Structure formats: C-alpha cells, structure tokens
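To start, the structure itself, in structure tokens.
Chains as they are written, first to last, in my numbering: chain A, 3 to 227; chain B, 6 to 756.
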C-alpha cells in the first residue's frame, strides 16, 4: 500500500505544490488537504507547507491554527501521527502549541533567501531518521519572520532532551536563539523547520538534493511502524 | 450631494466643468462634447479624462509604436499580439506563454514600498487575465547615484515592496537589473515583468460579447485609493462636504491577490468566463469601456452595486478608483452561480454589477439614474493622437564627438593598472554583486526555477515530464541610448537576446518598457522616435516581434530628462531545461573561448563611467546578423553539450564577465591576451555580439568545427584553473580579492 502524505493548503499557502512534489519524489502519494475540511482523508502523515497563510495577518500562523483542518491535525499529532511544519508551517505548529517557542521578525529586518548550511542534530525523529546525527546539509532558506525565540528554560530543556533537530551553520540568517533551525516535540513525531527541504529535492532546481531525506525518513518510519 | 445625471447635463449645457484640472486640453474637452452632442456628466468627464491620459491612451507615443506592428517579422509562434493585456507566444507541446514588462515609476518615487508592490500586482493581473498561471516575475530597476541620500530612502523601500508583494504572492523573482546613475535621481525607474503559462485552449481575451451575459466584479472592495491627480473630483467642484483628498498611490494586499489568482485559475479551468479584464490604471472606467469596446459594444452597469470600502465615494470616484486586486469577468447567465460558488470557496467577494446589452452604448446607472451614456470605443480606443514635434538635439553632435580615445581618457599603462581598473569596475555599484537586493526575493517558490539572478537569464521549467522551459532576460543601457537612441535600443534588444541564448534558449518574442522624459520636449521626442525605430528595425531582423509593453513618459525633473531608457525583455524557449548553460566556471581544465570580434569600443562603457565619470562618443556597433549567428551557436552548443558555461559580454566587457563567471563557479582562470590586441581593449571594450564560453576538452574539436563552419570567430583565450584570475604577463588577482571587491558594496552604501 502506498504511503499517503497530506499537504494542507491554507489561503495564502505558497509552497504546497513543492511539498507535494517532494512527497512524490520520495515515493509516497501526496494528498491535497483543504483548510476548511476537517477530514484528513486517511493520510499517514501531514506536511504544513510554507507561505503566508491568511496573509500573515495578526501574527504568522495565528489564524491558520484555528482552521477546521488543524483541529484534526492537532488531535492526530497528539496520537503520534508524523507532522512536519516548514517555515509558515513551523509558525502554525508553534501557534498550535504542538511545539514550544515562537518565530519572530529576522534580526536584519529583511526577508532573506539563501542556500543555508545546516547540521542535523537529531536523526531519530520521524522526519530525520534518514540522516545521521551531525550530518551537514545545504537547503534553501527563505523567510521574513524566522527567528526562533523561547525563554532560557525552554531552550535548555530542548537541548537537554535532544529536541533541537537542526542548527544553522556558518551563518545564522535570522538571529535564531542558539542557532536553532528546527525542533521536535518530546515524542519525535512533530517537527518544525524554518528552512525549506522541499526546495532541495532535484539537482535541476535546488542547490542540492539533501532535503529529500526529510520525506524519505517519514516513509521509512511509516513502513516500519 | 447633487448627482450629475445625463438628463442634468442636457439641461445645463453651460455648467463649468473641471476639464483642465483633470488634465484634458481644451480641444479634447470640445471633442468630448462633440462626440456626446452635449456636455459630459461628471462621471463621463472622469472616464474620458483618465482614459485619454497619456498613460492610458498612448496619445504621444502611438504614432511611433505603430511600427512594432507594421515591421513585425513573420512569426508563427505569435498567438495574440499587441493590444490585449499581454501578448501570447506558442512554445510548443500545446503550451503558450504570455509575458509583459510595465512601469510603475512615478508611484514608486512618491511611496517606494506601495508603488513597487502594486507594480508587481498590476502586471501579475495582466498575465492572469490572459488565462495564464503567473510563474515568475522580474524587476528591472534604476536609481540615482548609489551614494546619494535619497537613493537610501527610495531603494530599500522599493526592494522591500517588490519582495513583500512578490514573496507573499508565491512567485519566484528570477532576474532583472539594478542600475545606478545620477540621471535617475528624481525619477527612479521601477519596471516589473511577469511571465505566465497556459495551454493554447485556455487563452482568454478582454471582450464583452453576448447580450444578456453578466458583468461580474470580483476581488477586493473598491476604495478611494489611487484616484491620483484626478482627485479634484472628490473636492470642491463636486462636493465640498465629501471625503478629503485621497492618496494618489494605491495600496496593495498580496494575500488578496494570491486568492484572486487561485480563484481565477479555478474559474478558467471550469470554462466559466466569456471575457475577462483586470482592473489596473483607470480602474472600472478602463475595464468597462475596454470590455465593451472590444466586444459587441453594449453594456449596462449598476454602479451602486459595486462593493465599497468607503460608502461615501461618489460615482466619479468609483469609476476612477485604482484600488488593487480586482478583476472584471463576462459570464453567461447559466454559469453565474458556479462562478460565485468558486469565489466563495476562496473567500473572494464577487458581485454581478451589470450585463452586456445588444445596444452600442455603455450605460452606467447610479441608484436608477443614468450618469454615463457613451459609445465605449470613443472612451477606450479612439482617444486623441498627437504628432509631437521632434528634432535631433543641438547637443547630440558634441556628445558623440567626445569619444573616449586614449588621448582624451588615460588608459591603464601596465598590468598593475589593469588590475586596479578591473577591481574598480567589479566593485562599482553598477557592476558589483546585487545579492543584498535579490536575496530579499524568493527565487525558489513553485520549485521550477532552473536559472535565476545572477545568471544571464531567468529560466523556468514549465513541464515536469518533458522538461520544456522558458527563459527571460531584460536589458537596457541608458548611457548607450543617450549617445545614440537608435543604436541604444538595438543594443538593449541584442543584449537580452544574447542573454537568453547564452542560457541555451531560443529567443522568440519581445516586450518593451520605454522610459523617457517629457514628450513635449522635441529633444526627448526625437530620442523616443529614434529608439522605437531602432527597436522595430532590429526586431524585424532578429525575427522577434514586440508582443506588448508599456511607455512611461515625463520621467524628468524640471527641464532635465533621464537618459532615454528603453528596457527590452526577450522571451526564449528551451526544449529540455536540463541542457541549460549557467555562467559559472565550475570545472577545472575546461577551455575558455571568446566568441565574436573585439574592437576599441569604449563609448558609454562601464570603465569610462567608473574610472573617468565620462559619457561621450558612440556606443558599440550593432551587427544583428552576428547576434543571430552567435545566438545559434550558443543554443546548439548548449543543446549538444559542447559548452558547460557561457556568459554574455556587456557592461565591463570581458574583464567583468570573467570576474562574474569565476566567482559564480568558484574557480579561477588563466587567460592569455591574443597577440593582435591591446590588453586594455581586450579586457574592457564593450563590443557587442560576444560571449565567453567554457568548453570541455573532449568537445573542443567539435566546437571549433562548428564555429569555423558557421563563420563565427572563436578565439581560445585560456583555461579554467586554480584559485585566481591570471591574465598572463599582466596581473594575477585571487578569487578572495575579487570577492572582497565585488560583494558587500550595495549593503555598505545602503544598509
């Protein structure tokens, strides 16, 4: 049976087709999910893609979190379904309290698009098990509000529990605390990532193909489960 | 408030009207009265004034623009030509591509962020209205001197506006230009280009046919923004107690536009529209009159049904408002329900505001009273035409005589001075890396970007199965055009053509944005006449028709006009994007060939500007047959794997091309100056029709044979090698030194 990975489209989602392509190239079946529809259509995992859902009005991710589809995503995530939030999706996960902390305006105050080097810190989450801990990868990063912030206690806890999934290397592009590019929940099924692995899945269009591992990881996780 | 109805206009023929304040000339006002057989109502006057403005009617430029049609080369690829929202070109496999470049210069100077943002929004809707999914944008930008305080005000806002709107819309920004020159100090040029893709059968046109069909306005509510110079209608003359003066610059909402795109594409997919038009300049006045004029002629609009942001707006203001993110569709009655359903799905407001009639007049009602009753063609397509006087400027000869000869401008005398000149040019604002700007734009979204800035052209894959793709480059050199506007326009075309070919795509069609000073100045009008003639002639030779574009006049401060700046966009097609050729030297040992002939041509050059702050002489010679041959060689070499890197030679000459290719690929080069040429001319001349390519050793024989057989001069000048650019016998400069000079320049000046 083919693994089905849902990709949610909110009004203002932009990288939804890219996430679907990455899912397909990883060997799974992408399923388009609509923000107004509570039904997850029997998917095995969910990706919340990048973009500016609801125009980023109020606060990035703050309105999306109340959309009907998120009720089900939150419920299923708590039951262990793998959920990956990329960029705006990461913001939605923080607003949904599935992940701690928040994402604020880049310290440069500018939107930035660049090929970013990362180190995978935790290779045991549902979305990173195809990497090895300490592995360095380059994937595109593009955000205006990508600065991960949390209070010292939360940051210490994330580090102590090995819940930092990826860190920025060489250059911290947005002023994220402790160079954090991505984090996971305690169970390791929910991952939020500011850079865009779905833009690094083909040699033709990406700087590398090193982003594909996020999507192949979840496939293995589901097949082995 | 008293309503100026048609009846009222008939009964009060002598009422004073603010035609002059609205920018109409006395004879134009008289002509409106003649057309209508009475004085116009306030609403009619509003419509005529905006539609007969220079911006909408092209009244000063159209006698010259006609050449683009008259001299258009035979081209089977053209599906829709000039006159629609944008031209459409066949790119094979059932796909059609539409593209257009437009200006948003004046609003961007007044309010940089919103001016630039709505420039993107407007051109994207033009492309969408043709039936296409917008797939990429580009921004050719020109600013005053990089170190001028006002550039620091204007540039960051414009860049943030382009990024803020384009990024939020989810369109990759894949190229464009950034040029600094003090001639643009009070008149920055903000041009915006959009490319869209559709299947042939999805092409839509702006026409209202079929009596009984409904007129649906959808998208944002109409507000008082963008009424601009015509805001007098909102003040004393009509209603002293009404809303105060409105902001002249429109305010954009990219989120609304993103919904509008997805909603419209879903509507197209279900074949629900008979005609469609976006609302841009002149708002509803333009959309209703153009749709009716291009259709059967009759249309009836109930203006009071238009959803408003501000309920105090008068009919005149509603007709003239340039509120963004609105579209107007003509829909058969049986399809209206489904149309409205899709709009609801996307949270887009949609309202039936009228219908197509079997008459020949555009009738607009306000709460049941007739306020507009006009033949739509007279508003939309039969505006005034001016034959403005033009004459070669008295100073042109002296400017051309001031050639940058070795006697007049000191040239580098030895290797150390050549190295110094190379670093100065590479580190000057115009030639330095623009990454600080372009890194504020998303180039990855949609996942089909094959090439983007700083490549020679932007390239987009349009079919993931077959790898069919399109590529676009925009170029313009105001310095060349100032020296010789005829040649300058041709050089802009030649460079864009070359850039497209260097990436491996076959040039197919042209869109142009003609930025000039005041048409009332015969000097400027001569520049305009020469540039359009040059461009039309060159398009004919190269076989690339002009498919559409835009004219921006009055770019001047006081009596001083900007350099004439025709910006030319060339669209190309590539059957297999995996065969594209990038600019970077990436493989050690590959052989460097210089294609084309190099002459002592430094008029208008980057070197003369950077080192001597000089502008004089003649621009490089144009040889269009050579450009075509060079293009054919570059495309064949790319397709057949004979070159792994190619970079066109333009501003800064070979020196600048080598710097860029070395830095992009991260590899150095060893270069030998051919015996028969002066090292300075070899490095800094800007002779046209040239490119530098990196040839794998295994392909050298085949590549040479091809160039020899076709008669294209190809000179082996070196090899990709090491961590430095070495010009043998002259100087060596390390990649680290080059990077130091070339990067960080713009942010140091502006950040």
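Ideal Cβ placement from N, Cα and C applies to all residues, glycine included.
In this text, all values refer to a predicted model and were calculated from it rather than measured experimentally.
Using a threshold of 9 Å, state whether the C-beta atoms of residue i and residue j are closer than that.
{"i": "residue 493 (chain B)", "j": "residue 536 (chain B)", "result": "yes"}
{"i": "residue 31 (chain A)", "j": "residue 11 (chain A)", "result": "no"}
{"i": "residue 325 (chain B)", "j": "residue 220 (chain B)", "result": "no"}
{"i": "residue 495 (chain B)", "j": "residue 554 (chain B)", "result": "no"}
{"i": "residue 131 (chain B)", "j": "residue 90 (chain B)", "result": "yes"}
{"i": "residue 469 (chain B)", "j": "residue 8 (chain B)", "result": "no"}
{"i": "residue 478 (chain B)", "j": "residue 450 (chain B)", "result": "no"}
{"i": "residue 725 (chain B)", "j": "residue 636 (chain B)", "result": "no"}
{"i": "residue 166 (chain A)", "j": "residue 139 (chain A)", "result": "no"}
{"i": "residue 86 (chain B)", "j": "residue 562 (chain B)", "result": "no"}
{"i": "residue 473 (chain B)", "j": "residue 96 (chain B)", "result": "yes"}
{"i": "residue 47 (chain A)", "j": "residue 213 (chain A)", "result": "no"}
{"i": "residue 717 (chain B)", "j": "residue 558 (chain B)", "result": "no"}
{"i": "residue 25 (chain B)", "j": "residue 45 (chain B)", "result": "no"}
{"i": "residue 54 (chain A)", "j": "residue 178 (chain B)", "result": "no"}
{"i": "residue 556 (chain B)", "j": "residue 521 (chain B)", "result": "yes"}
{"i": "residue 518 (chain B)", "j": "residue 287 (chain B)", "result": "no"}
{"i": "residue 187 (chain B)", "j": "residue 211 (chain B)", "result": "no"}
{"i": "residue 331 (chain B)", "j": "residue 222 (chain B)", "result": "yes"}
Sorted by chain position, which residues of the same chain lie with C-beta nearer than 8 Å to residue i's C-beta, five sequence neighbours on each side aside?
{"i": "residue 391 (chain B)", "result": "64, 65, 68 and 524"}
{"i": "residue 133 (chain A)", "result": "122, 125, 139, 215 and 219"}
{"i": "residue 243 (chain B)", "result": "Because the pLDDT at residue 243 (chain B) is just 38, under 50, the model does not fix this residue reliably, and the value given afterwards should be weighed accordingly. The residues are 6, 9, 47, 319 and 321."}
{"i": "residue 290 (chain B)", "result": "51, 52, 55, 56, 324, 325 and 384"}
List the residues that DSSP assigns as beta-bridge partners of residue i.
{"i": "residue 6 (chain A)", "result": "A:31"}
{"i": "residue 151 (chain A)", "result": "A:104"}
{"i": "residue 95 (chain B)", "result": "B:101"}
{"i": "residue 570 (chain B)", "result": "B:520"}
{"i": "residue 121 (chain A)", "result": "A:138 and A:169"}
{"i": "residue 651 (chain B)", "result": "B:698"}
{"i": "residue 108 (chain B)", "result": "B:196"}
{"i": "residue 628 (chain B)", "result": "Looking at the DSSP assignment, residue 628 (chain B) forms no beta bridge with any residue, so it has no partner."}
Using CA coordinates, which residue listed in the options is at the minimum distance from residue i?
{"i": "residue 297 (chain B)", "options": "B:389, B:312, B:217 and B:711", "result": "B:217"}
{"i": "residue 564 (chain B)", "options": "B:207, B:151 and B:528", "result": "B:528"}
{"i": "residue 130 (chain A)", "options": "A:93, A:14 and A:191", "result": "A:191"}
{"i": "residue 377 (chain B)", "options": "B:338, B:416 and B:293", "result": "B:293"}
{"i": "residue 268 (chain B)", "options": "B:599, B:205, B:106 and B:225", "result": "B:225"}
{"i": "residue 183 (chain B)", "options": "B:425, B:145 and B:541", "result": "B:145"}
{"i": "residue 585 (chain B)", "options": "B:454, B:384, B:562 and B:119", "result": "B:454"}
{"i": "residue 5 (chain B)", "options": "B:327, B:362 and B:116", "result": "Missing from the structure shown is residue 5 (chain B); chain B here goes from 6 to 756 and no further."}
{"i": "residue 676 (chain B)", "options": "B:692, B:657, B:695 and B:699", "result": "B:699"}
{"i": "residue 423 (chain B)", "options": "B:631, B:731, B:17 and B:11", "result": "B:731"}
{"i": "residue 510 (chain B)", "options": "B:583, B:660, B:741 and B:27", "result": "B:583"}
{"i": "residue 351 (chain B)", "options": "B:723, B:266, B:413 and B:341", "result": "B:266"}
{"i": "residue 155 (chain B)", "options": "B:169, B:113, B:143 and B:180", "result": "B:113"}
{"i": "residue 452 (chain B)", "options": "A:224, A:222, A:221 and A:204", "result": "A:204"}
{"i": "residue 1 (chain A)", "options": "A:224, A:142, A:67 and A:225", "result": "This structure cannot settle anything about residue 1 (chain A), because the visible part of chain A is limited to 3 through 227."}
{"i": "residue 755 (chain B)", "options": "B:542, B:162, B:137 and B:133", "result": "B:162"}
{"i": "residue 590 (chain B)", "options": "B:672, B:579, B:577 and B:753", "result": "B:672"}
Apart from the five residues on each side of it in sequence, which residues of its chain come closer than 6 Å, Cβ to Cβ, to residue i?
{"i": "residue 234 (chain B)", "result": "Confidence at residue 234 (chain B) is low in this model, with a pLDDT of 41, below 50, so the placement of that residue is unreliable and no value is reported for it."}
{"i": "residue 329 (chain B)", "result": "123, 126, 255 and 257"}
{"i": "residue 70 (chain A)", "result": "38 and 40"}
{"i": "residue 657 (chain B)", "result": "430, 436 and 611"}
Leaving out five residues before and five after residue i in sequence, what residues of the same chain have Cβ atoms less than 7 Å from its Cβ?
{"i": "residue 508 (chain B)", "result": "456, 460, 461, 462, 464, 476, 585 and 586"}
{"i": "residue 395 (chain B)", "result": "527, 530, 531 and 534"}
{"i": "residue 202 (chain B)", "result": "100, 102, 137, 138, 140 and 467"}
{"i": "residue 503 (chain B)", "result": "632, 635, 636, 653 and 696"}
Against chain A, which members of the segment 447–459 of chain B pass a CB distance test of less than 8 Å?
Against chain A - using a Cβ distance shorter than 8 Å - the residues of the segment 447–459 of chain B are 447, 448, 449, 450, 451, 452, 453, 454 and 455.
Using a Cβ-Cβ cut-off of less than 7 Å, give me the residues of the segment 164–179 of chain B that come near chain A, in sequence order.
168, 172, 173 and 175
Interface positions of the segment 82–116 of chain A facing chain B (Cβ-Cβ less than 8 Å), listed along the chain:
112, 113, 114, 115 and 116
Would you list, in chain order, the members of the segment 432–446 of chain B that have their beta-carbon closer than 7 Å to a beta-carbon of chain A?
444, 445 and 446
Just by C-beta distance, which residues in the segment 576–597 of chain B are closer than 7 Å to chain A?
Those residues of the segment 576–597 of chain B that come within reach of chain A (Cβ to Cβ, closer than 7 Å) are 582 and 583.
Please list, in chain order, the residues of the segment 126–148 of chain A that have any C-beta partner in chain B closer than 8 Å.
142, 144 and 146
Please list the residues of the segment 253–268 of chain B that have a C-beta atom closer than 9 Å to any C-beta atom in chain A, keeping them in chain order.
258, 259, 260, 261, 263, 264 and 267
Of the residues that make up the segment 340–364 of chain B, which ones have a beta carbon closer than 9 Å to any beta carbon in chain A?
350, 351 and 352
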